[in-house]
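Colleague: full-length UniProt numbering numbers the first residue of the sequence shown as 1 and each following residue consecutively. Below you'll find the structure I mean.
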Amino acid sequence: MTASTASTAFDEAIARDQRIEPADDMPEGYRKTMIRQIAQHAHSEIIGMQPEGEWITRAPTLRRKAILLAKVQDEAGHGLYLYSAAETLGADRGDLTQRLIEGRQKYSSIFNYPTLSFADVGVIGWLVDGAAICNQVPLCRSSYGPYARAMIRICKEESFHQRQGYELLMTMMRGTPEQQAMVQDAVDRWWWPSLMMFGPPDAESPNTAQSMAWKIKRHTNDELRQRFVDMSVPQAAALGVTLPDPELRWNEERGHHDFGQPDWAELKRVITGGGVMNEERIRRRREADSDGAWVREAAAAHAAKGTS
Ligand code: FAQ
Numbered sequence: 001m002t003a004s005t006a007s008t009a010f011d012e013a014i015a016r017d018q019r020i021e022p023a024d025d026m027p028e029g030y031r032k033t034m035i036r037q038i039a040q041h042a043h044s045e046i047i048g049m050q051p052e053g054e055w056i057t058r059a060p061t062l063r064r065k066a067i068l069l070a071k072v073q074d075e076a077g078h079g080l081y082l083y084s085a086a087e088t089l090g091a092d093r094g095d096l097t098q099r100l101i102e103g104r105q106k107y108s109s110i111f112n113y114p115t116l117s118f119a120d121v122g123v124i125g126w127l128v129d130g131a132a133i134c135n136q137v138p139l140c141r142s143s144y145g146p147y148a149r150a151m152i153r154i155c156k157e158e159s160f161h162q163r164q165g166y167e168l169l170m171t172m173m174r175g176t177p178e179q180q181a182m183v184q185d186a187v188d189r190w191w192w193p194s195l196m197m198f199g200p201p202d203a204e205s206p207n208t209a210q211s212m213a214w215k216i217k218r219h220t221n222d223e224l225r226q227r228f229v230d231m232s233v234p235q236a237a238a239l240g241v242t243l244p245d246p247e248l249r250w251n252e253e254r255g256h257h258d259f260g261q262p263d264w265a266e267l268k269r270v271i272t273g274g275g276v277m278n279e280e281r282i283r284r285r286r287e288a289d290s291d292g293a294w295v296r297e298a299a300a301a302h303a304a305k306g307t308s
């Protein structure tokens with residue numbers, strides 16, 4: 001097939017809302033964009049195990065510990081499905097990990113903030129998984145088949161994550177004034193970083209227009225951020241916490257909440273390695289990679305023997 005017929009078949013499939021599958025011809029730019037987004041997403045799931053993982057040994061009850069363990073294991077699973085999806089595009093998993101630990105590929109800014117109390121575990125479930133769901137449900141209709149299909153299972157698991165976080169916060173809000181203050185403090189620290197998860201404002205997002213045209217993204221960063229704010233306001237009220245934004249109010253005319261802008265300079269700083277936890281997150285990822293090298297070598301040697 002020549003390049004022009006390949007691009008026509010691809011364009012027609014996109015126009016008809018058909019899925020692009022690994023063996024289909026696709027423009028190089030599409031392949032590169034998909035690898036970038038899927039790899040960044042996979043890295044986020046794996047690095048995202050760290051902030052909550054730190055609380056597994058300090059969970060207040062056996063029940064909370066079991067829930068948290070299950071959640072953190074789910075994140076590992078999500079990373080693995082996503083690396084597999086990237087491999088269908090010709091990417092190499094080892095190479096992607098190398099790019100992450102050398103700072104050549106990004107992961108979500110949200111995981112560069114510290115988890116200071118157990119209330120952070122609840123707020124990560126409520127707000128961070130809530131934002132992830134808001135962003136990822138439309139990705140179940142993303143044009144690249146393996147990515148869209150991985151997203152269906154991931155979203156189901158993310159809803160459990162969100163519910164466990166909200167239920168934990170509800171329990172703490174029924175507790176002592178100290179517990180209520182811990183929840184409010186965690187909400188104050190995580191609200192703005194959660195809004196940043198949706199990416200820069202549309203006017204400053206270099207990839208959105210092309211990714212929307214290719215139906216990789218189904219909504220812009222600002223559309224999803226608005227959806228998340230509208231979803232979170234009644235949940236905050238039911239919980240009895242205040243969202244730390246003095247500009248937050250219902251706009252009758254728009255049928256949406258107006259809200260303040262996150263500190264976009266902070267997002268840039270965190271994405272480029274300047275967040276509080278960036279160094280630690282990458283140091284631990286690098287350590288896990290080298291500690292696990294013998295397992296990969298043993299598995300490869302076993303596979304080479306051709307026995308099961
Ligand atoms: N952090 O032009 P755009 C989770 C980068 S999973 C870091 O707007 P795009 C589950 C962007 O990559 C969370 N980098 O880019 C969990 C681009 O990089 P480039 C991860 C960011 O791709 C919960 C540049 O800035 N979710 O939380 C961020 O069209 C709890 C310009 O931006 C996904 O990855 C950021 N916040 O839109 C786990 C979802 N924002 O080109 C554990 C899939 C932007 O310079 C515990 N990804 N960048 O290399 C997406 O939907 C999109 O990639 C966006 C960005 C919306 C993140």
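For every residue, glycine included, the Cβ atom is placed at its ideal position computed from N, Cα and C. No experiment lies behind these values; they were computed from the predicted model shown.
Along the beta strand (DSSP E) that carries ASP258, what are the first and last residues, could you check?
Modeller: 256-258
Colleague: Kindly indicate which residue of LEU96, LYS217, GLU178 has the alpha-carbon position closest to the one of ILE14.
Modeller: For the options LEU96, LYS217, GLU178, the alpha carbon positioned closest to that of ILE14 is the one of LYS217.
Colleague: Is the beta carbon of residue 309 less than 9 Å from the beta carbon of PHE10?
Modeller: Lying outside 1 to 308, the shown extent of the chain, residue 309 is not represented and no answer is given.
Colleague: How big is the Cα-Cα spacing for ILE124 and TRP190?
Modeller: 8 Å
Colleague: If I measure Cβ to Cβ from GLU158 and keep anything under 7 Å in the same chain, skipping five residues before and after, which residues do I get?
Modeller: ASP129, ALA132, ILE133, GLN136
Colleague: Taking ALA186 and ASP263 to be in contact with their CB atoms under 8 Å, please state how far apart those CB atoms are, rounded to whole angstroms.
Modeller: Incorrect: roughly 18 Å between the Cβ atoms, too far for contact.
Colleague: Got a sec? Which residues, its chain only, sit under 6 Å from TYR144 by beta carbon, not counting five neighbours each side?
Modeller: ILE20, MET34
Colleague: If you measure between the beta carbons of PHE118 and MET173, is that distance less than 9 Å?
Modeller: no
Colleague: Taking VAL229 as the reference, give the member of ARG269, MET197, VAL295, PRO22 with the closest Cα.
Modeller: Nearest neighbour of VAL229 by Cα position, chosen from ARG269, MET197, VAL295, PRO22, turns out to be MET197.
Colleague: Should LYS156 be labelled buried (16 or more other beta-carbon atoms within 10 Å of its own) or exposed?
Modeller: With fewer than 16 Cβ atoms within 10 Å of its Cβ, LYS156 is classed as exposed.
Colleague: Tell me the DSSP secondary structure of ASN251 in three-state form.
Modeller: strand
Colleague: Taking only the alpha-carbon atoms, compute the straight-line gap between MET49 and GLN164 and give it to the nearest angstrom.
Modeller: 16 Å
Colleague: Which runs of the alpha helix (DSSP H), 4 residues or longer, sit entirely within the stretch 186-267?
Modeller: 208-213, 221-239
Colleague: If you draw a straight line from the C-alpha of LEU68 to the C-alpha of GLU12, how long is it?
Modeller: Using only the alpha carbons, I get a separation of about 45 Å.
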